[in-house]
Structure formats: structure tokens, C-alpha cells
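> Position one of the sequence shown corresponds to residue 0 (numbering that gives the first Met the number 0), numbered consecutively onward. Just so you know, even glycine gets a beta-carbon here, dropped at the ideal spot from N, CA and C.
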Amino acid sequence: MTIQSTELHNRMWDEINRLKYDFAHMREFNQMLDEELRQPGKAGHLETPFFSTWGGRAVKLGLLFGVNHIERITAAGAAIELLMLSADLFDDCMDQDGGKLESSFEPGHLLRIAFAQWIFSLSYHAFLKLDIDTGLAGRLLQEVNSLSMDALWGQWRADAHVYPFSSTEERYILMIEESSGKLGKLVCAVIALIARLDQKVTDRLKEIGSMLAISGQISNDARDIMNDRKLDFKRLKMSLPLIMAISHSERRHDFFHSMLEYIYRQPMEAEIYKQQLRDYMVNVGAIDYANIKARLIDHEAELALVALHSDWQSKQSCPGA
Numbered sequence: 000m001t002i003q004s005t006e007l008h009n010r011m012w013d014e015i016n017r018l019k020y021d022f023a024h025m026r027e028f029n030q031m032l033d034e035e036l037r038q039p040g041k042a043g044h045l046e047t048p049f050f051s052t053w054g055g056r057a058v059k060l061g062l063l064f065g066v067n068h069i070e071r072i073t074a075a076g077a078a079i080e081l082l083m084l085s086a087d088l089f090d091d092c093m094d095q096d097g098g099k100l101e102s103s104f105e106p107g108h109l110l111r112i113a114f115a116q117w118i119f120s121l122s123y124h125a126f127l128k129l130d131i132d133t134g135l136a137g138r139l140l141q142e143v144n145s146l147s148m149d150a151l152w153g154q155w156r157a158d159a160h161v162y163p164f165s166s167t168e169e170r171y172i173l174m175i176e177e178s179s180g181k182l183g184k185l186v187c188a189v190i191a192l193i194a195r196l197d198q199k200v201t202d203r204l205k206e207i208g209s210m211l212a213i214s215g216q217i218s219n220d221a222r223d224i225m226n227d228r229k230l231d232f233k234r235l236k237m238s239l240p241l242i243m244a245i246s247h248s249e250r251r252h253d254f255f256h257s258m259l260e261y262i263y264r265q266p267m268e269a270e271i272y273k274q275q276l277r278d279y280m281v282n283v284g285a286i287d288y289a290n291i292k293a294r295l296i297d298h299e300a301e302l303a304l305v306a307l308h309s310d311w312q313s314k315q316s317c318p319g320a
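Shown next as C-alpha cells:
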């Protein structure tokens with residue numbers, strides 16, 4: 000079956016709109032959802048290729064592993080797109096909170112938390128509406144619950160991963176494996192259940208999902224630390240660019256690390272030195288390093304997926320093998 004990505008995208012987008020209609024009374028949240036879905040990397044962003052969104056990846060995997068029920072797989076893609084968006088928003092809420100309980104009770108922050116919870120509920124509603132048998136639905140929701148909680152716990156622990164926390168590239172990747180990686184596994188677990196893949200194939204597919212999520216998170220972190228809309232720089236989040244820049248500075252004994260220590264102690268001064276510190280990360284190649292690392296992991300995941308699909312196809316052709 001050959002269907003253009005544009006048609007698949009339109010079907011998944013229609014499904015999201017149908018879900019919104021079920022909650023039409025939530026007018027303000029619906030408007031906020033439209034805005035969030037039009038951000039780069041999301042299904043509503045016109046310049047983002049469909050199959051690079053999480054919903055699009057889910058649709059692609061479903062088709063790759065023999066799910067020919069287009070409505071079912073695009074509905075699953077819509078549920079996954081919303082689930083991953085809710086995870087992003089919860090992550091932003093944690094960054095906003097910064098570990099300070101009092102900020103959680105500010106009206107604007109409470110609204111964002113409620114919005115993230117609503118999108119999670121919307122995704123759960125979408126999973127419940129999938130056209131699958133009751134037994135499979137129960138297993139699917141159990142998987143969603145389990146891996147969502149694991150990912151949320153991983154995000155909560157990652158919230159403490161800020162300067163002056165001492166980190167390395169290896170620790171950073173292990174940290175995002177426990178948060179974003181679990182969400183990548185969740186995407187693949189859902190598709191594996193719908194495609195009725197055996198446990199061995201499912202386990203391999205979940206590891207590929209984890210790699211894709213890690214790659215995506217590294218790219219996001221490299222972008223967000225340069226973005227004033229995000230709080231990564233303000234909080235001195237120990238993402239890969241900052242880790243690599245600190246390592247370079249310690250070897251050279253230059254100004255970067257001492258300046259970081261200064262603005263950590265005097266956070267009101269951060270705005271003054273922000274551009275200088277960002278320029279340093281660019282000039283020493285820390286941003287490029289993170290982006291290249293992400294592409295290498297992504298490429299490794301794609302190779303693993305090709306190998307897995309080839310093995311799966313061979314077994315489909317020769318069931319007794």
C-alpha cells in the first residue's frame with residue numbers, strides 16, 4: 000500500500016481536530032493547542048516533514064510493520080503526537096518551576112500545568128477511541144501508563160541537572176535515556192502492540208525508539224539553550240553544549256567557566272553576559288558537536304530499523320524459519 004505522506008498527515012490532523020471537537024467547550028485550551036502544534040517539530044508546523052514528527056514516525060512504523068488499517072494507524076499517530084506534546088509541556092513547567100514550590104502557584108504557571116494535563120487527557124482519550132479489541136486496548140493502556148510514569152519520573156530527576164551539577168557527556172545521555180528515551184520506547188511499544196509484533200521484535204523496536212528520542216532531545220537542547228523563549232540558559236541547564244563548553248574552558252583555563260560560576264552566584268547578571276557565553280559555545284564548536292552527535296545517533300537508529308525490518312520481512316516470507 001502506497002500513500003503519500005501529505006495524505007497521511009491530513010488524516011492524522013483530521014483526527015486531532017475530531018478529538019478537539021469532543022472538548023469544544025475548552026475554547027482557550029483549543030486555541031493554545033493550535034499554537035503549540037504549529038511550533039517547529041510538531042505536526043502543525045508547515046516546514047517540518049511529517050515523518051520527522053512523533054505522530055508521523057508512529058504512522059511510518061505502523062505502515063512499515065504491516066498495519067494496513069489507515070484510520071487506526073493515523074488515529075494512533077494523533078494520540079502519540081498529543082502525548083509527546085504533553086511531555087514537552089510538562090518539561091517546560093518543570094523548567095519554569097526550577098525546583099521552587101511557590102512558583103507552581105502563580106496563575107500563569109497553574110494554567111500551563113492544567114493545559115499540559117488536559118493534553119495528556121486528550122491523548123489518553125484518543126488511545127481509548129482506537130478501533131482495537133478490548134484485550135489489546137487493555138495492554139496498550141497499561142504500556143502507556145507504565146512508560147509515561149517512568150518518563151515523568153526521569154524528567155523530574157533531570158530537573159536537578161543544572162549548573163553547578165558536575166556532569167559528563169555519558170551522564171547526560173544516561174539522564175535523557177531515562178526521560179525522553181522512555182517516551183521513545185512508548186511510541187514503539189504502542190505501534191508494536193497494534194501491529195501484533197512478537198516480543199523480540201518489540202524489544203528491538205523499543206530500543207530504536209529510545210535512540211530516536213535521545214537524538215531528538217540532544218538536538219532540542221542544543222537549540223533551546225540559544226532560545227530566549229526557553230529557560231535552558233537562564234537555569235544553566237547542563238545539556239550537551241554547556242557540558243562540552245565547560246570541558247573546553249577547563250582545559251584552556253579561560254573565562255567561560257569562571258563567568259558561569261559568577262552568574263550562578265549573581266543570576267541577575269546573566270542577561271548581561273548571555274550573548275558572550277552563547278557566542279563562546281558556538282565558537283568552540285559545542286553547539287555543532289551536539290548536533291553532530293544527534294545526527295550520528297539518529298543514523299544509527301535508522302540503520303537498526305532497516306536491519307530489524309529486513310529480519311521481520313524475512314520471517315513473514317518464511318514463517319517456519
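According to DSSP, is Val161 part of a helix, a strand, or is it coil?
Val161 falls in the strand class under three-state DSSP.
> If you run the structure through DSSP and keep just helix, strand and coil, what is Lys236?
Note: Lys236 maps to strand in three-state DSSP.
> Using the three-state DSSP reduction, which class does Pro128 fall into: helix, strand or coil?
A small fix is needed here, since residue 128 is Lys in this sequence, not Pro. Three-state result, Lys128: coil.
> For Met267, is the classification buried or exposed, using 16 other Cβ atoms within 10 angstroms of its Cβ as the cut-off for buried?
Exposed.
> Quick test of your reading: Ala306 and Met280, contact by CB under 8 Å. State the CB separation rounded to the nearest angstrom.
In fact, because the Cβ distance is near 36 Å, the residues do not count as touching under 8 Å.
> Which of the three DSSP states, helix, strand or coil, is assigned to Val305?
Here Val305 sits in helix by DSSP.
> Less than 7 Å between C-beta atoms, sequence neighbours within five positions excluded: which residues of the same chain meet that for Ala77?
Taken in chain order, the residues that qualify are Met11, Glu14, Ile15, Leu18, Gly54, Ala125.
> Which of helix, strand or coil does DSSP assign to Ile271?
Three-state result, Ile271: helix.
> Measuring alpha carbon to alpha carbon, tell me which of Gly215, Ala57, Leu82, Glu35 ends up nearest Leu295.
Checked all of Gly215, Ala57, Leu82, Glu35; the closest Cα to Leu295 is Gly215.
> Can you have a look at Ile291 and say buried or exposed, based on whether 16 or more other CB atoms are within 10 angstroms of its CB?
Per the 10 Å Cβ criterion, exposed.
> Given Lys236, which residues of its chain have a CB within under 6 Å of its CB, disregarding the five upstream and five downstream residues?
Within the same chain, Lys236 has close Cβ partners Val161.
> The alpha helix (DSSP H) with Met225 in it runs from where to where?
Unbroken run through Met225: none, as it is neither H nor E.
> From Gln312 to Val189, what does the alpha carbon distance come to, in whole angstroms?
Between Gln312 and Val189, the C-alpha separation is close to 20 Å.
> When you compare the segment 110-130 with the segment 138-147, are there three or more beta-carbon pairs, one atom per stretch, that lie closer than 8 Å?
The answer is yes - the segment 138-147 touches the segment 110-130, with three or more Cβ pairs under 8 Å.
> I'd like the span of the alpha helix (DSSP H) that includes Cys187, first residue to last.
Cys187 -> alpha helix (DSSP H) spans 179-194.
> So, are the CB atoms of Ala194 and Phe64 less than 8 Å apart?
Contact flag set, yes.
> Report back the beta-carbon spacing between Leu7 and Val58 to the nearest angstrom; my notes put them in contact at under 8 Å.
Right, the Cβ-Cβ distance comes to about 5 Å (below 8 Å), so this counts as a contact.
> Can you find the residues in the same chain that come closer than 6 Å, C-beta to C-beta, to Gly40, ignoring five residues on each side of it along the sequence?
Correct list, in chain order: Thr47.
> Of the choices Val283, His256, Gly284, whose alpha-carbon is the least far from that of Tyr272?
Tyr272 has its Cα closest to that of His256, out of Val283, His256, Gly284.
> Who are the Cβ neighbours of Phe28 in its own chain at under 7 Å, not counting the five residues just before and after it?
Correct list, in chain order: Phe114, Trp117.
> My output table needs one value for Leu60: the three-state DSSP class, helix, strand or coil.
Here Leu60 sits in helix by DSSP.
> Check the Cβ-Cβ distances between Leu60 and every residue of chain C, and say whether any is below 8 Å.
As a matter of chain content, chain C is missing from the structure shown, which is built from one protein chain.
> Report the three-state DSSP secondary structure of Met92 (helix, strand or coil).
The amino acid occupying residue 92 in the given sequence is Cys; Met does not appear at that position. In the structure shown, Cys92 sits in a helix (DSSP, three-state: H, G or I).
> Using the Cβ count rule (16 or more neighbours within 10 Å means buried), how would you classify Asn226?
Asn226 comes out exposed.
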